[in-house]
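Going by UniProt numbering, 194 is the number at position 194 of the sequence shown; the sequence numbering is gapless. All C-beta atoms, glycine included, are put in the ideal place defined by N, C-alpha and C. Given the structure is predicted, the values throughout are model-derived calculations rather than measurements.
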Amino acid sequence: MTGGLTEFYDLKNPPANFLQMMMKGFEMGSLFGCSIEADPVVWEARLRNGLVKGHAYSISAMRVLNTSRNKVILLRIRNPWGNSQEWNGAWSDHSSEWNGISQQEKREMGLHFAHDGEFWMSFQDFMRNFEKMEICNLGPDVMNEIAEMTGIPRLRAIQHTWSVNSFHGSWRRGSTAGGCRNYLSSFASNPQYRIRLTDADPYDDDRLCTVIIAVMQKYRRELKHTGLDTLAIGFSVYETTGYRGRLDTKFITDSVSCARSPAFINLREVTGRFRVPPGEYVVIPSTYEPNEEGEFMLRIFTNGLITSQEI
């Protein structure tokens with residue numbers, strides 16, 4: 001619906017920089033959803049803490065509060081039912097934790113208590129209770145459309161906007177359908193895309209760039225009635241600073257990919273987020289097996305300066 005790039009996370013095994021990633025995502029206008037695994041026996045089972053299993057929640061805000069005891073990170077979460085079925089633990093509506101927060105800060109948060117499905121909870125409680133999260137990262141074109149529709153201006157600084165590069169390509173039997181790296185003799189025949197990252201993330205001091213890569217196979221749903229199933233797809237990334245031209249079999253044999261998709265899987269889109277130094281890289285999207293034909297779209301999101309080209 002948004003044309004954004006979606007990532008999926010298991011909150012029981014989050015990446016090391018997950019909190020920072022969420023905070024930066026809110027700054028950049030990303031959309032967040034979360035859920036708890038469904039109960040196999042009871043449909044939308046209601047827990048004693050007010051949360052509902054197998055239910056999709058949205059996360060609409062993130063706030064850092066300084067209390068008399070410590071600093072606390074809060075998330076504003078909404079149950080789409082819009083009723084009294086809300087979290088009833090710490091920082092829930094009318095909980096004692098709010099007594100230590102000034103009226104001015106409450107106003108700045110837009111805090112109000114009602115049976116509307118919206119509630120606040122600490123980041124720690126969020127991680128303890130929720131199990132899945134989706135992030136939809138929006139490109140600058142979508143952000144502009146949202147600003148036009150809502151009348152709310154977006155942050156225009158480059159560090160608050162994803163840079164997006166997109167390519168359309170295809171895998172063709174006997175020419176560009178080389179399969180995954182397991183098939184070394186043909187892997188280099190896959191489409192290849194060079195990217196140059198020239199700026200590290202401005203909000204970090206580790207001199208690394210955040211890059212999100214997604215490969216989406218096109219038209220498979222429309223063609224399913226013809227007997228074409230979704231292909232197992234993925235991608236590999238090689239660091240190539242100083243290397244010119246397409247990667248050949250020798251280069252790939254002698255090298256180890258610096259990043260790759262989590263797995264080759266028959267999903268419509270596979271996505272991976274990486275932190276890499278500035279430099280030049282080649283992205284190779286492929287099917288798992290060679291000689292499987294299909295069309296794809298490659299999207300590369302980065303929070304910095306990027307140039308890219310097909311090679």
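Confirm, please, whether the CB-CB distance from residue j to residue i is below 8 Å.
{"i": "VAL270", "j": "VAL215", "result": "yes"}
{"i": "LEU75", "j": "MET28", "result": "no"}
{"i": "LEU208", "j": "PRO277", "result": "yes"}
{"i": "LEU5", "j": "GLY169", "result": "no"}
{"i": "GLY50", "j": "TRP87", "result": "yes"}
{"i": "GLY245", "j": "GLU134", "result": "no"}
{"i": "GLU280", "j": "ALA177", "result": "no"}
{"i": "HIS55", "j": "ASN83", "result": "no"}
Taking all protein chains shown into account, do 16 or more other C-beta atoms lie within 10 angstroms of the C-beta of residue i, making it buried, or fewer, making it exposed?
{"i": "VAL237", "result": "buried"}
{"i": "VAL256", "result": "exposed"}
{"i": "ILE213", "result": "buried"}
{"i": "THR307", "result": "exposed"}
{"i": "SER96", "result": "exposed"}
Would you kindly work out how many angstroms separate the C-alpha atoms of residue i and residue j, rounded to a whole number?
{"i": "PRO290", "j": "PHE301", "result": "27 Å"}
{"i": "MET127", "j": "THR230", "result": "33 Å"}
{"i": "THR249", "j": "VAL283", "result": "15 Å"}
{"i": "ALA200", "j": "ARG275", "result": "10 Å"}
{"i": "THR161", "j": "SER68", "result": "35 Å"}
{"i": "PHE264", "j": "PHE296", "result": "14 Å"}
{"i": "LYS24", "j": "PHE18", "result": "10 Å"}
{"i": "LEU247", "j": "ARG173", "result": "19 Å"}
Between which two residues does the alpha helix (DSSP H) holding residue i run?
{"i": "ASP254", "result": "249-254"}
{"i": "LEU19", "result": "18-27"}
{"i": "ASP10", "result": "Unbroken run through ASP10 is the beta strand (DSSP E), 5-10; no alpha helix (DSSP H)."}
{"i": "LYS53", "result": "Counting along the chain, LYS53 falls outside any alpha helix (DSSP H), and DSSP gives it neither H nor E."}
{"i": "GLU105", "result": "103-109"}
{"i": "ARG128", "result": "123-129"}
{"i": "SER186", "result": "184-187"}
What are the boundary residues of the beta strand (DSSP E) that residue i is part of?
{"i": "PHE113", "result": "Premise fails: PHE113 is in no beta strand (DSSP E) and is neither H nor E."}
{"i": "CYS180", "result": "Neither: CYS180 is in no beta strand (DSSP E) and is coded neither H nor E."}
{"i": "VAL283", "result": "279-287"}
Leaving out five residues on either side along the sequence, give the residues of the same chain with a beta carbon under 7 Å from the beta carbon of residue i.
{"i": "HIS94", "result": "PHE113"}
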